[in-house]
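Written below as structure tokens is the structure these notes are about.
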Amino acid sequence: MNNPLYGVLCDSIANQFLIERCGYGMNKSPHSAIIANTYFDYFGSVEYPGMVDVGLRVARLGTTSVVYEVGVFKRGDDAVKAVGGSMHVWVVNEGGVLGRPAKEGIPERVRREYETLMEGEEREKQQQQQQKQKQKGEGAKL
Numbered sequence: 001m002n003n004p005l006y007g008v009l010c011d012s013i014a015n016q017f018l019i020e021r022c023g024y025g026m027n028k029s030p031h032s033a034i035i036a037n038t039y040f041d042y043f044g045s046v047e048y049p050g051m052v053d054v055g056l057r058v059a060r061l062g063t064t065s066v067v068y069e070v071g072v073f074k075r076g077d078d079a080v081k082a083v084g085g086s087m088h089v090w091v092v093n094e095g096g097v098l099g100r101p102a103k104e105g106i107p108e109r110v111r112r113e114y115e116t117l118m119e120g121e122e123r124e125k126q127q128q129q130q131q132k133q134k135q136k137g138e139g140a141k142l
């Protein structure tokens, strides 16, 4: 399998997640997720016409961005063939014109779904950060 196809797999699994689990559609949302960067490290090969399995997790979740990590496996083989990822930045979408990062951040429904893809320790850290932000916001209102 040619190296550029790994990037297609990474983009495809992230978009599949957004569509199927988050109900996301670029034309029906006031926000869009655009790719800011991608990377891959290769540990083995997958030969055509071999089948692959692709795993997705959230490595980091920010206010307006998410970093995905993807593992690519040859079907029937537990050894990872490639590990990569990408960063989506959530921006304002006004009639198909993409703008700056959304001030309100990642849509809440999407954020909740992202949190299901975080590992335990990362998820706890994320929840603690959100709690601190809420407390700061409440303190500023007094």
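Residue numbering for the sequence shown follows the UniProt record's numbering, beginning at 1 and increasing consecutively. For each residue, glycine too, the CB sits at the ideal point set by N, CA and C.
Within the same chain, show all residues whose beta-carbon is closer than 7 Å to that of residue 24, passing over the 5 residues directly before and after it, in chain order.
The beta carbon of residue 24 is closer than 7 Å to those of 18, 110 in its chain, skipping five residues each way along the sequence.
I need the DSSP call for residue 69, collapsed to helix, strand or coil.
Residue 69 falls in the strand class under three-state DSSP.
Euclidean distance between Cα positions of residue 15 and residue 88:
In this structure, the straight-line span from the alpha carbon of residue 15 to that of residue 88 is close to 10 Å.
In this structure, how does DSSP classify residue 120 when only helix, strand and coil are distinguished?
In the structure shown, residue 120 sits in a helix (DSSP, three-state: H, G or I).
Cβ-Cβ separation, residue 86 to residue 11 (assumed contact under 8 Å), whole Å:
So it is a contact: roughly 7 Å between Cβ atoms.
Comparing alpha-carbon positions, which option in 104, 68, 49 lies nearest residue 59?
Per the C-alpha coordinates, the member of 104, 68, 49 positioned closest to residue 59 is 68.
Could you tell me which whole alpha helix (DSSP H) segments of length 4 or greater appear in the region 69-120?
Within the region 69-120, the complete alpha helix (DSSP H) segments at least 4 residues long are 108-115, listed from N- to C-terminus.
Rounded to the nearest angstrom, what separates residue 37 and residue 27 at their Cα positions?
Their backbone Cα atoms lie some 23 Å apart in a straight line.
How about residue 31 and residue 92: are their beta carbons less than 8 Å apart?
Yes, they are a contact pair.
Could you have a look at residue 7 and say whether DSSP puts it in helix, strand or coil?
In this structure, residue 7 counts as helix in the three-state DSSP scheme.
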